[in-house]
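Colleague: Heads up: the sequence lines are chains W and V, in that order. My numbering applies: residue -18 is where the first sequence begins, and numbers increase by one. My numbering applies: residue 33 is where the second sequence begins, and numbers increase by one. Dropping a structure here in C-alpha cells format, bear with me for questions.
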Amino acid sequence: GAGVSQSPSNKVTEKGKDVELRCDPISGHTALYWYRQSLGQGLEFLIYFQGNSAPDKSGLPSDRFSAERTGGSVSTLTIQRTQQEDSAVYLCASSLAGPSYEQYFGPGTRLTVT
Amino acid sequence: AQSVAQPEDQVNVAEGNPLTVKCTYSVSGNPYLFWYVQYPNRGLQFLLKYITGDNLVKGSYGFEAEFNKSQTSFHLKKPSALVSDSALYFCAVRAASSGNTPLVFGKGTRLSVIA
C-alpha cells in the first residue's frame, strides 16, 4: 500500500519568508509525528498528533513553528519568518494507535533557507 | 525521561564479516525498542522491534537484535555484512506505559562496509 508522502521534496526559501510543508500519512494511522534532522545529526522531535487529542507541541523550537492536522489525516507544518538555522530535513511519520507500533517515515522535505 | 545512546558514530567492517551496532537505553519500566536504517537522501526505514518475548529479534535484510535487560542494551547484528548495508542506523525507545508518544532516537551510527 501507499506509504507516508511529503511535499515538496525540496524547498529553497529566502530568510524571512514563510513556508508550509505537507504530510500525507498512511491511511488508518491515527498518530502523526514531525521530526527535524539537521545535517549529520539525529532526529529532533517537533510535534505529535494522536487522534482527536490536543497535539503535543513540546518539541517546537520557537513560536515561529506551528502545525495542524485536518480531518485526522493530512498535516501541515508551517514555519514563519524562516531563519538560516531552520535549514534541515523535516521528516513526517505515522503509526497505528498503541505503544508497540512502529512509526513509518516519509522521505522528508529538505528545507534550505538562504 | 527516556534516552538512547549509540556510543559509536562510525563503524567500519569488511564485507562478509559480522557486524554489530551498539545501543543502550534508559527508560522507566519496560521498554519497547526499535531499529531503523536511513539510506542517503531517504527517510527512515523500520528494521525490527522488541516488544516482549524472545530476547533475540529477527528483522528485515538479515538483521537481528538482542535485548539484554540487565545491561539495558539492544545491539543490532548481522552475521555477514554486505556493501549495500552501508547506511545510517538509528536505535529508538519508547516506554511501554507511555502510549503513542514519539519514539526517542539515538544520534545514529554510520555503518561502512568495505569490499
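Each residue gets a CB set at the ideal place from its N, CA and C atoms; glycine is no exception. Bear in mind the structure is a predicted one, so any value in this text is a computation, not a measurement.
Check for me: the beta strand (DSSP E) holding residue 92/W runs from which residue to which?
Modeller: Here the beta strand (DSSP E) through residue 92/W covers 90 to 94.
Colleague: Would a check of beta-carbon distances place residue 49/V closer than 8 Å to chain W?
Modeller: Output row for residue 49/V: interface = no.
Colleague: Taking the continuous beta strand (DSSP E) assigned at residue 107/V, which residues delimit it?
Modeller: Unbroken beta strand (DSSP E) run through residue 107/V: 105 to 110.
Colleague: For the region 42 to 51 of chain W and the region 42 to 51 of chain V, state whether three or more C-beta atom pairs, one from each stretch, are separated by less than 8 Å.
Modeller: Segments in contact, no.
Colleague: Given this structure, state the Cα-to-Cα distance separating residue 77/V from residue 118/V, to the nearest angstrom.
Modeller: Computed Cα separation, rounded: 14 Å.
Colleague: If you follow the beta strand (DSSP E) that residue 80/V is in, where does it begin and where does it stop?
Modeller: Looking at the DSSP string, the run of the beta strand (DSSP E) that includes residue 80/V is 76 to 82.
Colleague: Let me see if you follow: with CB-CB separation under 8 Å, is residue 52/W close to chain V or not?
Modeller: Residue 52/W does not count as touching chain V.
Colleague: Any residues in the region 72 to 83 of chain W with a beta carbon nearer than 9 Å to a beta carbon of chain V? Which ones, in chain order?
Modeller: From the region 72 to 83 of chain W, only 72, 73, 74, 76, 77, 78, 79, 80, 81, 82 and 83 have a Cβ closer than 9 Å to chain V.
Colleague: From the DSSP output, in three-state form, read off residue 67/W for me.
Modeller: Three-state DSSP puts residue 67/W in a helix.
Colleague: Can you give the Cα-Cα distance for residue 122/V and residue 63/W, rounded to whole angstroms?
Modeller: If I take the Cα positions, the gap works out to 28 Å.
Colleague: Along chain V, in chain order, which residues have C-beta atoms closer than 7 Å to that of residue 88/W?
Modeller: Ordered by position in chain V, the residues that pass the 7 Å Cβ test against residue 88/W are 74 and 75.
Colleague: At a Cβ threshold of 8 Å, is residue 131/V touching chain W?
Modeller: For residue 131/V, the answer is yes, since a Cβ of chain W falls inside 8 Å of its Cβ.
Colleague: By the criterion of Cβ-Cβ separation under 7 Å, what are the contact partners of residue 140/V in chain W?
Modeller: Simply 23.
Colleague: Using Cβ-Cβ distances below 7 Å, what residues of the region 65 to 96 of chain V are close to chain W?
Modeller: If the cut-off is 7 Å between Cβ atoms, the region 65 to 96 of chain V has 66, 74, 75, 76, 78, 81 and 83 near chain W.
Colleague: Could you give the C-beta distance for residue 55/V and residue 34/V, rounded to a whole number, given that I count them as a contact under 8 Å?
Modeller: At roughly 13 Å, the Cβ-Cβ gap does not stay under 8 Å, so residue 55/V and residue 34/V are not in contact.
Colleague: Have a look at residue 59/V and residue -3/W and give me their C-alpha separation to the nearest angstrom.
Modeller: Whole-angstrom Cα-Cα distance: 40 Å.
Colleague: Going by beta-carbon coordinates alone, are residue 108/V and residue 92/V separated by less than 8 Å?
Modeller: No, they are not a contact pair.
Colleague: Return no unless some Cβ of chain W is closer than 8 Å to the Cβ of residue 63/V.
Modeller: So no, residue 63/V is outside the interface.
Colleague: How many angstroms separate the CA atom of residue 83/V from the CA atom of residue 124/V?
Modeller: Their backbone Cα atoms lie some 12 Å apart in a straight line.
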